[in-house]
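This report refers to the structure that appears directly beneath it.
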Amino acid sequence: MISLKTLHRGNANKVGHYYADQKDDYYSRDGNSAQWQGQGAAQIGLEGNITQESFTAALKGDFGPNVTLAKSIRKDAKSRAGEDLTFSAPKSVSIQALIGKDSKVLEAHDHAVQKALEYLESELVRARQKVDGVTTSEKTANIIAAKFRHETARPSKEDHADPQLHTHTIIMNATRRADGKWVSVANEQIFQNKKLLDTIYKNEMAAYLERAGYALRYEKDSFELANISREQIEYFSKRSMSVEAELAKMGKTRKTASHDLKQTITLATRNAKRPEITRDDLQKGWEKEAKDLGIDFAAAKRPVEFTKPGHDKTMPGQPHPSATPDEKHPNAPSPGITPESPTTVSDQLQSSIADQCVAWAIRHHAEREAVIRKSVLTELALNHSMGTGISVKHIQLAVDRSLKAGHLIQGAHVYRSNDIPDIGTALSREEWVKRLVREGATPSEARQNVRRAIATGSLFLDEARYTTQAAREREKRIFQIEREGREKVEAIMTPDVIKQKLADKGLKPGQLAAADLILGTKNRIIGVQGLAGVGKSFMLNEVKKVIESADYTVKSVAPYGTQVKELRSLGVEAVTVASMLEAKQGRFKLDGKTILVIDEAGVVPTRQMEKILKQAESTGARVVMLGDKDQTKAIEAGKPMHQLQDEGMQTALMGDIVRQKDPLLRKAVELAAQGRASEALHIIQTKLDSVLEIKESPDRYTAMADQYVSLDQVTRKDTLIITGTNASRIALNDLVHDKLGLKGKGFAFYLHTRVDTTQAQRRSARYYEVGTIIQPERDYRNGLLAGNQYKVISVDTQLNRIQVAHLQTGVTVEFNPSRTTKLSIYELRQSELSAGDSVRITRNDAKLDLVNGERYEVLAVTPTTVTIGKRDDNGSITRRLMLDADKTHPLHMDYAYTSTVHSAQGLTATQVILNQETYSRTTKSDVFYVAISRAKEKISVYTNDMAKLPFAVSRREEKGAALDIGIAQATRQAEHNHESTPSLEKQHHDHQL
Numbered sequence: 001m002i003s004l005k006t007l008h009r010g011n012a013n014k015v016g017h018y019y020a021d022q023k024d025d026y027y028s029r030d031g032n033s034a035q036w037q038g039q040g041a042a043q044i045g046l047e048g049n050i051t052q053e054s055f056t057a058a059l060k061g062d063f064g065p066n067v068t069l070a071k072s073i074r075k076d077a078k079s080r081a082g083e084d085l086t087f088s089a090p091k092s093v094s095i096q097a098l099i100g101k102d103s104k105v106l107e108a109h110d111h112a113v114q115k116a117l118e119y120l121e122s123e124l125v126r127a128r129q130k131v132d133g134v135t136t137s138e139k140t141a142n143i144i145a146a147k148f149r150h151e152t153a154r155p156s157k158e159d160h161a162d163p164q165l166h167t168h169t170i171i172m173n174a175t176r177r178a179d180g181k182w183v184s185v186a187n188e189q190i191f192q193n194k195k196l197l198d199t200i201y202k203n204e205m206a207a208y209l210e211r212a213g214y215a216l217r218y219e220k221d222s223f224e225l226a227n228i229s230r231e232q233i234e235y236f237s238k239r240s241m242s243v244e245a246e247l248a249k250m251g252k253t254r255k256t257a258s259h260d261l262k263q264t265i266t267l268a269t270r271n272a273k274r275p276e277i278t279r280d281d282l283q284k285g286w287e288k289e290a291k292d293l294g295i296d297f298a299a300a301k302r303p304v305e306f307t308k309p310g311h312d313k314t315m316p317g318q319p320h321p322s323a324t325p326d327e328k329h330p331n332a333p334s335p336g337i338t339p340e341s342p343t344t345v346s347d348q349l350q351s352s353i354a355d356q357c358v359a360w361a362i363r364h365h366a367e368r369e370a371v372i373r374k375s376v377l378t379e380l381a382l383n384h385s386m387g388t389g390i391s392v393k394h395i396q397l398a399v400d401r402s403l404k405a406g407h408l409i410q411g412a413h414v415y416r417s418n419d420i421p422d423i424g425t426a427l428s429r430e431e432w433v434k435r436l437v438r439e440g441a442t443p444s445e446a447r448q449n450v451r452r453a454i455a456t457g458s459l460f461l462d463e464a465r466y467t468t469q470a471a472r473e474r475e476k477r478i479f480q481i482e483r484e485g486r487e488k489v490e491a492i493m494t495p496d497v498i499k500q501k502l503a504d505k506g507l508k509p510g511q512l513a514a515a516d517l518i519l520g521t522k523n524r525i526i527g528v529q530g531l532a533g534v535g536k537s538f539m540l541n542e543v544k545k546v547i548e549s550a551d552y553t554v555k556s557v558a559p560y561g562t563q564v565k566e567l568r569s570l571g572v573e574a575v576t577v578a579s580m581l582e583a584k585q586g587r588f589k590l591d592g593k594t595i596l597v598i599d600e601a602g603v604v605p606t607r608q609m610e611k612i613l614k615q616a617e618s619t620g621a622r623v624v625m626l627g628d629k630d631q632t633k634a635i636e637a638g639k640p641m642h643q644l645q646d647e648g649m650q651t652a653l654m655g656d657i658v659r660q661k662d663p664l665l666r667k668a669v670e671l672a673a674q675g676r677a678s679e680a681l682h683i684i685q686t687k688l689d690s691v692l693e694i695k696e697s698p699d700r701y702t703a704m705a706d707q708y709v710s711l712d713q714v715t716r717k718d719t720l721i722i723t724g725t726n727a728s729r730i731a732l733n734d735l736v737h738d739k740l741g742l743k744g745k746g747f748a749f750y751l752h753t754r755v756d757t758t759q760a761q762r763r764s765a766r767y768y769e770v771g772t773i774i775q776p777e778r779d780y781r782n783g784l785l786a787g788n789q790y791k792v793i794s795v796d797t798q799l800n801r802i803q804v805a806h807l808q809t810g811v812t813v814e815f816n817p818s819r820t821t822k823l824s825i826y827e828l829r830q831s832e833l834s835a836g837d838s839v840r841i842t843r844n845d846a847k848l849d850l851v852n853g854e855r856y857e858v859l860a861v862t863p864t865t866v867t868i869g870k871r872d873d874n875g876s877i878t879r880r881l882m883l884d885a886d887k888t889h890p891l892h893m894d895y896a897y898t899s900t901v902h903s904a905q906g907l908t909a910t911q912v913i914l915n916q917e918t919y920s921r922t923t924k925s926d927v928f929y930v931a932i933s934r935a936k937e938k939i940s941v942y943t944n945d946m947a948k949l950p951f952a953v954s955r956r957e958e959k960g961a962a963l964d965i966g967i968a969q970a971t972r973q974a975e976h977n978h979e980s981t982p983s984l985e986k987q988h989h990d991h992q993l
């Protein structure tokens with residue numbers, strides 16, 4: 001992993017001593033543990049071993065008599081001296097290198113650090129220059145880097161230090177421009193590409209070890225040496241476990257916590273190095289512990305299998321050429337590789353491996369986002385190629401080939417401003433023009449200013465954005481279906497009849513506008529943009545009666561089961577979107593007399609929307625997209641409802657909010673709906689006095705739970721706790737369970753937590769972990785049966801095979817995941833369930849009539865069963881269901897006290913208790929709008945930082961769309977030559993460009 005920390009000149013002396021303190025490190029005796037690197041360092045004579053004097057001087061900005069720093073570089077105590085980019089080896093590598101004294105593994109680490117820095121130097125280092133008020137940016141390709149290799153992690157509490165091989169690389173705040181001047185480093189690109197640098201580091205190390213004959217075990221986005229087990233790794237990870245324990249107190253994990261939070265916790269839990277324990281004593285202790293744990297350091301290398309002369313050799317990490325296409329996996333080490341084997345393979349094989357990895361990265365990313373940045377594509381492809389010897393250069397060449405083949409489409413050029421370095425989004429030329437026009441320039445002046453800014457470098461070209469032809473075609477097909485449906489149907493009734501039918505129904509103006517459009521439109525597809533809490537269900541119920549009186553039928557689809565249940569309560573035939581698309585012919589029948597309502601259409605992704613519209617088009621059904629494009633978006637790629645509204649789809653606006661009874665709360669929701677989240681927050685904070693700052697997460701969660709349990713039972717039942725992350729949701733749920741007095745009154749049960757994966761990941765054994773649970777969604781010939789649960793007991797990345805055991809029978813099945821794609825994957829978590837707990841169902845079960853998101857009360861528990869039920873308003877039980885719940889029957893269930901915002905969308909409550917953590921990416925404009933709009937009467941907002949919260953809730957992360965990024969000039973003509981709908985594409989380009 002990589003950490004990044006800014007160093008300041010005022011700490012130069014202290015920092016100099018810290019990094020140079022290596023006298024006790026085992027490998028410090030080789031004289032190579034402190035080294036200079038970089039073209040900039042070489043230019044000023046800083047090469048080879050580092051002395052403490054030269055390093056401290058460099059931190060202070062003194063690089064010798066031949067280097068004069070530009071006046072723009074500050075030298076005061078608070079100025080930036082450099083960035084500490086620390087590369088930490090996988091724990092098994094540290095154990096093998098340090099406890100096992102394996103110098104070859106140490107070489108792999110040093111090599112990987114060097115290669116990652118070479119990429120940083122050549123691609124990421126920039127400098128700015130301001131001339132006549134115009135700031136330009138230049139890629140300098142030279143750094144002054146000081147590398148210090150250390151061998152121990154700082155101990156926590158009473159523990160002694162763990163073995164932790166890591167290298168601090170201090171990138172000095174000085175780089176040389178083309179004009180010869182030494183200036184400050186513009187470090188934004190370094191910060192933005194930490195994950196890519198980490199991937200390069202791990203990829204280079206894995207390839208080095210593979211070539212040297214070491215057996216590796218690949219695990220998602222990293223690897224470990226195969227001779228060291230997970231249990232042995234965890235024993236020597238006391239430092240890491242200490243950090244994870246602190247994160248757990250905040251309801252977070254390493255995956256969910258922000259970089260800043262993890263770094264803060266790491267520093268806070270770190271004790272000073274303990275000089276009373278010498279490195280030799282530490283080594284003796286490590287070696288004894290390793291022996292007791294049974295670590296076999298001699299088993300690190302694979303048995304050597306020599307091949308006959310002329311026999312095909314395969315790249316480490318690659319399948320043998322005789323493998324079938326489905327067996328070929330980019331991370332499958334093959335026999336026949338020895339340390340003496342060539343370190344490179346043929347250009348053809350390198351290209352093939354790189355092409356496979358880029359294709360995998362495209363499939364993986366395209367499932368969630370229609371647009372991918374070049375650095376993200378490179379990182380994903382390189383990570384998937386780990387251990388194969390494929391470099392960044394190979395991946396970049398493969399990306400170029402994918403562009404030429406048309407698998408990838410490059411978007412129009414986008415530019416960043418040197419004067420606004422922290423702007424969230426790079427903009428196209430035309431978007432910059434629009435920005436200047438909004439700020440008061442005429443269109444002519446704006447275009448001239450943008451041209452000048454690009455020419456002078458004040459606006460500099462940002463990294464490329466890509467999309468796929470498939471994504472573009474889906475979006476164009478959706479546009480085409482909507483456009484071709486305009487003026488193609490007869491209105492259900494005339495305006496006079498509509499007015500008569502809707503009279504005295506109590507509809508608000510926005511509800512009337514929606515009803516008028518649905519009943520009077522001549523367009524096959526229309527939209528109803530309804531803000532949160534405007535009474536969409538009430539409107540639909542009244543319109544349904546009128547539609548049915550005209551001999552039409554209303555049917556509906558919705559993303560979630562709870563929404564389907566609500567629609568059915570209105571007498572509407574409704575199914576989930578997934579059920580509609582997977583239903584056999586005739587199960588959900590549409591025809592020319594059907595009005596198909598897509599409820600919560602704003603969260604339906606492009607892939608599903610295209611299929612829905614195709615079915616409607618082929619059957620002659622009409623479509624009403626009912627939802628809010630400004631609430632949370634689909635998890636999958638695309639934002640079709642948003643795009644269709646922008647493209648002119650006939651749309652009614654329902655803006656009369658009726659949910660909020662308090663006028664101040666209603667005003668806050670209205671402002672949030674307009675994207676003015678900070679103003680909405682201001683009302684909640686100053687007028688409603690409902691924002692509370694509690695710095696530490698455990699204390700904040702406790703206060704939220706206390707507020708919830710202090711409510712009377714009736715109010716509590718109609719109160720939602722909402723938070724951003726699953727980890728904080730779990731922590732809050734556990735606290736509420738305890739504070740309700742239910743702790744110790746029930747039994748511990750295994751509950752399922754879904755593992756978020758893409759189909760591309762589910763096709764590769766590398767992305768499965770031993771101990772996780774899989775549940776097939778259909779029967780397979782290999783023995784996997786739909787609805788049954790299986791535990792992963794072994795993973796073979798070489799042959800892309802997974803072995804699982806049936807939870808109830810113990811029968812094992814081995815299968816190739818590339819041929820078994822309809823799987824759900826879960827982790828197991830133990831929680832106590834007691835009579836009186838409120839729970840929600842987390843997976844649809846048609847046999848038991850259980851719906852995902854539905855809420856129940858736990859009525860009774862035994863060690864092997866859980867009985868759940870529902871009560872009416874009088875407290876009488878209206879449904880009772882007993883579920884098997886022993887260790888072979890994990891439950892698709894969780895506490896219902898706290899929800900994430902995605903789960904809460906569509907729900908309504910009297911009160912909402914909202915957790916808004918400023919360091920979390922889930923705190924942003926659309927999430928804040930959805931969360932506060934759930935409350936009818938009262939909202940309570942808890943945060944860790946009141947000062948930062950207005951900025952956090954104003955963050956916008958727009959979902960990308962394939963057609964929104966335009967198309968690069970180089971590929972535009974090629975696409976036009978194969979354009980199936982030229983007029984539509986031209987219209988969209990005219991709109992964009």
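Residue numbers (full-length UniProt numbering): 1 to 993.
Don't be surprised by glycine CBs; every beta carbon is placed ideally from N, CA and C.
Here the structure is a predicted model, which means the values were calculated and not measured.
Asked	Found
Whole runs of the beta strand (DSSP E) within the region 512-558, excluding any shorter than 3 residues	525-530, 553-558
Test item: CB-CB of Ala668 and Ile657 under 8 Å	no
Span separating the alpha-carbon of Asn523 from that of Ile492	11 Å
Boundaries (first-last residue) of the beta strand (DSSP E) holding Glu832	823-833
Cβ-Cβ distance between Leu833 and Glu777 below 8 Å	no
Straight-line Cα distance separating Lys959 from Thr812	42 Å
Alpha-carbon to alpha-carbon, Arg659 and Lys115	58 Å
The beta strand (DSSP E) enclosing Lys791, as first and last residue numbers	790-796
8 Å contact criterion, which Val564 and Ile598 should meet: CB distance rounded	About 12 Å; that fails the 8 Å criterion.
Contiguous beta strand (DSSP E) assignments of at least 3 residues, all confined to the region 440-485	459-461, 465-468
From Gly853, Ser838, Val792, Leu848, residue whose alpha carbon lies closest to that of Glu827	Val792
Same chain, Cβ closer than 7 Å to Pro605, neighbours up to 5 away in sequence not counted	Ala634, Glu636, Ala637, Gly638
Asp926 and Asp630 closer than 8 Å at C-beta	yes
Under 8 Å between C-beta atoms of Thr175 and Lys147	no
Assigned exposure category for Met882 - 16 Cβ within 10 Å defines buried	exposed
Neighbour-count burial assignment, Lys924, 16 or more Cβ in a 10 Å radius	buried
Segment limits, alpha helix (DSSP H) that includes Gly675	It is not in any alpha helix (DSSP H) - Gly675 carries neither H nor E in the DSSP assignment.
CB contact flag (Ala574, Ala550, <8 Å)	no
Which listed residue (Leu502, Gln685, Asp837) has its alpha carbon closest to that of Ser914	The displayed chain sequence assigns Leu, not Ser, to residue 914. Measuring from the Cα of Leu914, the nearest candidate turns out to be Gln685.
Gly45 to Leu4 span [Cα, whole Å]	26 Å
Asp945 versus Ser903: straight-line alpha-carbon distance, rounded	25 Å
Which listed residue (Ile144, Glu287, Leu85) has its alpha carbon closest to that of Lys195	Leu85
C-beta atoms of Ser579 and Arg729 nearer than 8 Å	no
Cutoff 6 Å; reference Ile525; Cβ partners in own chain excluding five residues on either side	Glu482, Gly485, Val623
Environment of Arg587 [buried if 16+ CB atoms lie within 10 Å]	exposed
With 16 other Cβ atoms within 10 Å as the buried cut-off, status of Ile228	buried
Contacting residues, own chain, Cβ-Cβ under 7 Å from Ser137 (five flanking each side not counted)	Arg126, Arg128, Ala186, Asn418, Gly457, Phe460
Nearest-angstrom beta carbon gap, Ala412 and Ala968 [assumed within contact, 8 Å]	6 Å
Classification of residue 1026 by the beta-carbon crowding that lies within 10 angstroms, buried from 16 upward	Residue 1026 is absent from the structure shown; the chain starts at 1 and stops at 993.
Outcome for His150 when other beta-carbon atoms lying within 10 angstroms are tallied against a minimum of 16	buried
DSSP bridge partner residues for Leu653 (one or two, in chain order)	Gln529
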